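At position 6 of the sequence shown (counting the first as 1) the number is 6 in the UniProt record's numbering, and the numbers step up by one without a gap. Scroll down for the structure; my scribbles are underneath it.
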Amino acid sequence: MDDLVMLVRLEPMPADADGSVSVRVHSPLGHVTARLEGDLEEADARHYVEWGVDEDVLWGRNVVPAAIAEPGVWADGGRIVLRGRLHLTEDGAATLEMGDAQILLDLGNTPPSGIDRTWVELGVAADSVSVWPYRL
């Protein structure tokens with residue numbers, strides 16, 4: 001199994017004013033509404049999804065240490081919070097290990113030393129989170 005994906009149930013939502021399509025994502029870690037990247041015709045089902053975040057990680061602004069060491073995802077106002085273990089890569093990027101999934105992230109600033117492999121909460125604009133469903 002691909003280690004970047006998570007099995008979820010997708011529920012189509014009405015199209016946004018700009019025509020983009022969102023789905024309610026029911027995952028083992030929580031439930032959120034995210035942008036759908038893929039075929040709406042197949043959205044109302046269980047799928048493996050790859051998560052996408054179109055917002056840079058800015059330490060101290062949208063990512064902070066987590067109070068508890070367990071993965072999660074939830075909505076908080078107009079934001080989505082993703083809790084997981086942060087892994088820094090050699091090429092200056094990062095991944096967020098969230099249960100069975102790993103979300104690829106871009107770093108917008110230099111994280112503090114000692115942050116690699118720690119539990120964090122990443123809070124991003126709800127419209128910056130997407131899911132890419134596919135079949136394995």
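Quick reminder that beta carbons are idealized off the backbone N, C-alpha and C, glycines included. All values derive from a computational prediction rather than experimental measurement.
Q.
Could you compute how far the alpha carbon of Met-98 sits from the alpha carbon of Val-5?
A. 10 Å
Q) Helix or strand or just coil, what does DSSP make of Glu-11? A) strand
(Q) I'd like the span of the beta strand (DSSP E) that includes Ala-93, first residue to last. (A) DSSP places Ala-93 inside the beta strand (DSSP E), whose first and last residues are 93-98.
Q) Are any of the Cβ atoms in chain D nearer than 7 Å to that of Val-81? A) Absence of chain D from the displayed structure is noted, only one protein chain being present.
Q. Based on Cα-Cα distance, which residue from Glu-70, Asp-91, Pro-133 and Trp-74 lies nearest to Gly-30?
A. Trp-74
Q: Give a yes or no on whether the C-beta atoms belonging to Leu-107 and Val-57 are separated by under 7 Å.
A: yes
Q | Whole runs of the beta strand (DSSP E) within the region 35-67, excluding any shorter than 3 residues | A | 46-53 and 63-65
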